[in-house]
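Undergrad: I'd like to ask you about the structure that follows.
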Amino acid sequence: MELNRQTIRTYSLLGSHRTFGQVALEFPKIDDKIVVLAADQCSPAGLEYFRDQYSDKYYNVGIAEQNMIGIAAGLAKEGFKPFVTAQATFSTTRCYDQIKINMGYMGFGIKVVGLSAGLAIGQYGATHMSMEDIALTRAIPNMVVLSPADCTETAKALIAAAKDDRPTYIRLSGWMNNPIVYKEDYNFEIGKAITMQEGADIAIIATGTMVYNSMKASKILEERGLSVKVVNMHTIKPLDKNAIKDCCDAKLLVTVEEHSVIGGLGSAVAEEISLYNKKPKQLILGIEDYYVKPGEYNYLVKRVGLTSNQIAEKIFETYKGV
Amino acid sequence: MADMMKTKELARKVRRDIVDLTYQAGTNGTHIGGSLSIVEVLSVLYNDIMKFNKNDMTDESRDRFIISKGHGAMAQYAVMHRIGILSDEDMATFKKDGSSFSTHPYMNVRKGIEFSTGSLGHGLSLGVGSALALKKKKNLTSKVFVMMGDGECDEGSIWEAAMSAANFKLDNLILIIDKNRLQLDGFIEDIMKQGSLENKWKSFGWDICECDGHNVEDVYKTMSDALKNQKQPTVIFAHTIKGKGVSFIENQYNWHIGVLNDELYKKAVQELEVQ
């Protein structure tokens, strides 16, 4: 698949959810056994072209996420490679037992594409927010959990997943006009974090939309004379332990995610470093343990304190005490 | 008509095996009630209805069997053992620590245990996916059989699957509902009134039929008739008795999981020997 300036721009405009539909058009070239199942989310996932071009590889199962995962398991058992999609919250929390049994316990290599994770469609209320999905999916043995930083990385992650046999949750965050982190094609490998920039004082490990905000926050901190490392942890599971180890020379370790502060990237990193002899203090930034009232995406990001300015400010205040 | 004497004999042995396995399981007990209710249905399925090569349970041309009521695993193992799919060694590990053959099925592709079940409400979706896949692979001869409990129909996911099976016109899917009228806490009628299951499945677009689930001739005739010119997903209601064959277990909800001590075991064996 060619990623050039134009496709990268288009994907960003579409948002990560509709990028899925564009990238799906590549699937039949990668593996003829790939099929796509949607739970009444053809259009939000941008799957109209796929549906029309590959009608024999596409199933709309209606608003029935539990059944979708079960059907996918049946298809996987018989040799097919199903990608299934619905909004992130409905494709994880709603059908958690099906994911646990079919993907975890039996290990079928189903790919769950969670659309509009985090606060992306928070205008519809907390029913449509997904800030528990990383915690849930990474608690299941055998799962791979991907959380791409932008739409370019969404494409890279989907293609990598299409070539991979493991059960995988792909968390698509952000909304339309998704800020671009990767302006050109690059090397993406599941389980291998990407260091965006080096720095000595503070190490930020971010995932999903928070990679972009953390990059911006690092600029603000650099203006205040601090040297900041930023790591894009696009794979939450399996965790890149070496990348985390490399962050432990900093005086402050920060994790940033558009997800609950409980059970997500921050927890995963804390679990990893808990037995390290030498480790910095860790600041976990994310959505605190409450539900916010509905609102537009940008309002909500600010409401939960995850704009680049807010991130920089919290890091600066914590760093002063280190 | 197939030789039903053989099937009757198989069912008789399997019922005794279930009692023996329960006794061997010791004081923790095991799912005896719901296993005893499906003995004849499974005996007919494995002995007379399903196509498979017992020496190669991965053979693509086989019929698929999914036990959605995973707590009936003991009956499935016993039948598979008697048929010659499972070995004596396999059976010797039943309910032993760390065994692959436990109270709920553990997926074992080589042995023809298609999926790990036990979390209720999953099996029909798995069946829908399997049946869809067979059609996609142009395997038009294999059938997918799903065995489900009537109590299991409480699960909402069953109805998602029911709707989709008809929507995808799965004329290669056969569901058998073990209608023993009991669930863990008591009679279904007392726990959660289900209304007419027959009308529900019919309205979802399924063909429905019923049989006496303990009469092997009736089970065989109903199944073979259902398979002839099947045009839609088909559900067979097998009217059964939970705990069938042992008087003090029959229709007793508290025998969903039961323990057979020496005295009860002896009593059960005596009753089975008379039958």
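Order-wise, the sequence lines are chains A and B. The numbering of the first sequence is this note's numbering, which starts it at 233 and goes up by one. The numbering of the second sequence is this note's numbering, which starts it at 50 and goes up by one. Positions of the beta carbon are idealized from the N, C-alpha and C atoms, including for glycine.
Which whole runs of the beta strand (DSSP E) in the region 175–254 of chain B are 3 residues long or more, in chain order?
TA: 193–198, 222–228
Undergrad: Run down chain B in chain order and give the residues with a C-beta less than 7 Å from the C-beta of E310 of chain A.
TA: As a position in the first sequence, residue 310 of chain A is number 78, starting the count at 1. Here the neighbours are S179, A182, L183, K186.
Undergrad: Out of B:K315, B:Y269, B:L183, point me to the one whose CA is closest to I98 of chain B's CA.
TA: Sequence index remark: in the second sequence, residue 98 of chain B carries index 49 (1-based). Measuring from the Cα of I98 of chain B, the nearest candidate turns out to be B:Y269.
Undergrad: With distances taken from CA atoms, which of B:D267, B:H171, B:I81 is nearest W208 of chain B?
TA: By one-based count along the second sequence, residue 208 of chain B stands at place 159. Ranking B:D267, B:H171, B:I81 by Cα distance to W208 of chain B puts B:H171 first.
Undergrad: Using the beta-carbon of each residue, which ones in chain A are nearer than 9 Å to F164 of chain B?
TA: One-based indexing of the second sequence puts residue 164 of chain B at position 115. Result: A305, G306, K309, I333, N334, M338.
Undergrad: Along the chain, which unbroken stretches of the alpha helix (DSSP H) at least 4 residues long are found entirely within the region 454–491 of chain A?
TA: For the region 454–491 of chain A, whole alpha helix (DSSP H) runs of length 4 or above, ordered along the chain, are 473–479.
Undergrad: Check V268 of chain B in the structure and name its three-state DSSP category.
TA: Sequence index remark: in the second sequence, residue 268 of chain B carries index 219 (1-based). In the structure shown, V268 of chain B sits in a helix (DSSP, three-state: H, G or I).
Undergrad: What does a CB cutoff of less than 8 Å around L181 of chain B pick up in its chain, not counting 5 residues either side in sequence?
TA: Residue numbering aside, residue 181 of chain B sits at position 132 when the second sequence is read from its first letter. The beta carbon of L181 of chain B lies closer than 8 Å to those of F217, L219 in the same chain, with the five residues before and after it left out.
Undergrad: Between P526 of chain A and A482 of chain A, is the Cβ-Cβ spacing less than 8 Å?
TA: Counted from its first residue, the first sequence places residue 526 of chain A at position 294. Counted from its first residue, the first sequence places residue 482 of chain A at position 250. For P526 of chain A and A482 of chain A, no; Cβs fall outside 8 Å.
Undergrad: Smallest Cα separation from P380 of chain A: which of A:G339, A:P399, A:L485, A:F252?
TA: Taking the first sequence and counting its residues from 1, one reaches residue 380 of chain A at position 148. It is A:F252 whose Cα lies nearest to the Cα of P380 of chain A.
Undergrad: Do the CB positions of I366 of chain A and R326 of chain A come within less than 8 Å of each other?
TA: Position 134 of the first sequence, counting from 1, holds the residue named residue 366 of chain A. Position 94 of the first sequence, counting from 1, holds the residue named residue 326 of chain A. No; because the gap between Cβ atoms is not below 8 Å, this pair is not in contact.
Undergrad: Can you name the start and end residues of the alpha helix (DSSP H) that Q73 of chain B belongs to?
TA: What you label residue 73 of chain B is simply residue 24 of the second sequence in a count that begins at 1. Run containing Q73 of chain B: 53–74, per the alpha helix (DSSP H) assignment.
Undergrad: Alpha carbons only, please: which of B:N229, B:F164, B:K291 is nearest the one belonging to A308 of chain A?
TA: The residue labelled residue 308 of chain A in the question sits at position 76 within the first sequence. In terms of Cα proximity to A308 of chain A, the closest of B:N229, B:F164, B:K291 is B:F164.
Undergrad: Taking Cβ positions only, does G235 of chain B come closer than 8 Å to chain A?
TA: Position 186 of the second sequence holds residue 235 of chain B. With 8 Å as the cut-off, G235 of chain B does not count as an interface residue toward chain A.
Undergrad: Are the CB atoms of Y291 of chain A and T384 of chain A nearer to each other than 8 Å?
TA: The residue labelled residue 291 of chain A in the question sits at position 59 within the first sequence. The residue labelled residue 384 of chain A in the question sits at position 152 within the first sequence. No, they are not a contact pair.
Undergrad: Helix, strand or coil for L574 of chain A, going by three-state DSSP, please let me know.
TA: The displayed coordinates of chain A run from 233 to 554. Any statement about residue 574 of chain A would go beyond what the structure contains.
Undergrad: When you compare each of A:K265, A:T239, A:T386 to G341 of chain A by their alpha carbons, which one comes out closest?
TA: In the first sequence, counting from the first residue as 1, residue 341 of chain A sits at position 109. With distances taken between Cα atoms, G341 of chain A lies closest to A:K265.
Undergrad: Taking only three categories from DSSP, how would you classify K277 of chain B?
TA: Here residue 277 of chain B corresponds to residue number 228 of the second sequence, with the count starting at 1. DSSP places K277 of chain B in coil when its eight states are reduced to three.
Undergrad: Could you please give the first and the last residue of the uninterrupted beta strand (DSSP E) stretch that includes P314 of chain A?
TA: Position 82 of the first sequence, counting from 1, holds the residue named residue 314 of chain A. P314 of chain A -> beta strand (DSSP E) spans 313–319.
Undergrad: Could you tell me whether any Cβ in chain A is nearer than 8 Å to the Cβ of M156 of chain B?
TA: Position 107 of the second sequence, counting from 1, holds the residue named residue 156 of chain B. Interface residue, yes.
Undergrad: For the alpha helix (DSSP H) that T107 of chain B lies in, which residues bound it at each end?
TA: On the second sequence, residue 107 of chain B is found 58 positions in, with the first residue counted as 1. Counting along the chain, T107 of chain B sits inside no alpha helix (DSSP H), nor does DSSP assign it H or E at all.
Undergrad: Once DSSP output is grouped into helix, strand and coil, what is the label at G350 of chain A?
TA: Taking the first sequence and counting its residues from 1, the one referred to as residue 350 of chain A is at position 118. Reduced to three states, the DSSP call for G350 of chain A is strand.
Undergrad: Please state the DSSP three-state secondary structure of K513 of chain A.
TA: Position 281 of the first sequence, counted from the first residue, corresponds to residue 513 of chain A. Residue state, collapsed to three classes: strand.
Undergrad: Nearest to F194 of chain B by alpha carbon, out of B:L313, B:I162, B:D146, B:G205?
TA: Residue mapping note: residue 194 of chain B aligns to position 145 of the second sequence, counting from 1. The residue with the shortest Cα to Cα distance from F194 of chain B is B:I162.
Undergrad: Looking only at its chain, what residues have a beta carbon closer than 6 Å to the beta carbon of T283 of chain B, apart from the 5 residues adjacent to it on each side?
TA: On the second sequence, position 234 is the one that residue 283 of chain B refers to. Correct list, in chain order: I223, D256, A275.
Undergrad: Look at the Cβ atom of G307 of chain B, then the Cβ atom of I81 of chain B, and state whether they are nearer than 8 Å.
TA: Start at 1 with the first residue of the second sequence, and residue 307 of chain B comes out as number 258. Start at 1 with the first residue of the second sequence, and residue 81 of chain B comes out as number 32. Yes, the Cβ-Cβ distance between G307 of chain B and I81 of chain B is below 8 Å.
Undergrad: Does any residue of chain A bring its CB to less than 8 Å from the CB of A287 of chain B?
TA: Numbered from its first residue, the second sequence carries residue 287 of chain B at position 238. No, A287 of chain B does not count as interfacial toward chain A.
Undergrad: So is N299 of chain A in contact with chain B if we call contact Cβ pairs under 8 Å?
TA: Here residue 299 of chain A corresponds to residue number 67 of the first sequence, with the count starting at 1. With 8 Å as the cut-off, N299 of chain A counts as an interface residue toward chain B.
Undergrad: What residues of chain A sit near E209 of chain B, judged by a beta carbon separation below 7 Å?
TA: The count along the second sequence starts at 1 and reaches residue 209 of chain B at position 160. What E209 of chain B touches in chain A: A296, Q298, N299.
Undergrad: List, in chain order, every chain A residue whose beta-carbon is nearer than 9 Å to that of L175 of chain B.
TA: Numbered from its first residue, the second sequence carries residue 175 of chain B at position 126. Result: G302, I303, A305, G306, K309, N334.
Undergrad: Of all the options A:Q298, A:K473, A:I426, A:I422, which has the alpha carbon lying nearest to the alpha carbon of S506 of chain A?
TA: Here the question's residue 506 of chain A lines up with position 274 in the first sequence. When only C-alpha atoms are compared, the closest one is A:K473.
Undergrad: So F286 of chain B and E320 of chain B are supposed to be a Cβ contact under 8 Å. How far apart are they, rounded?
TA: Here residue 286 of chain B is taken as the residue at index 237 of the second sequence, counted from 1. Here residue 320 of chain B is taken as the residue at index 271 of the second sequence, counted from 1. No, F286 of chain B and E320 of chain B are not in contact; Cβ-Cβ is about 27 Å, not under 8 Å.
Undergrad: Closer than 8 Å is the cut-off here; do at least three beta carbon pairs connect the region 449–456 of chain A with the region 542–552 of chain A?
TA: yes
Undergrad: Measure the alpha-carbon distance for T79 of chain B versus W304 of chain B and round it to whole angstroms.
TA: Taking the first residue of the second sequence as position 1, residue 79 of chain B is located at position 30. Taking the first residue of the second sequence as position 1, residue 304 of chain B is located at position 255. Between T79 of chain B and W304 of chain B, the C-alpha separation is close to 9 Å.
Undergrad: Taking 6 Å as the limit between beta carbons, can you name the residues of its chain near V68 of chain B, skipping five residues before and five after?
TA: Counted from its first residue, the second sequence places residue 68 of chain B at position 19. These residues qualify, in order along the chain: A317.
Undergrad: With burial defined as no fewer than 16 other Cβ atoms inside 10 Å of the residue's Cβ, what is the status of T142 of chain B: buried or exposed?
TA: As a working note, residue 142 of chain B is residue 93 in the second sequence. So T142 of chain B ends up on the exposed side.
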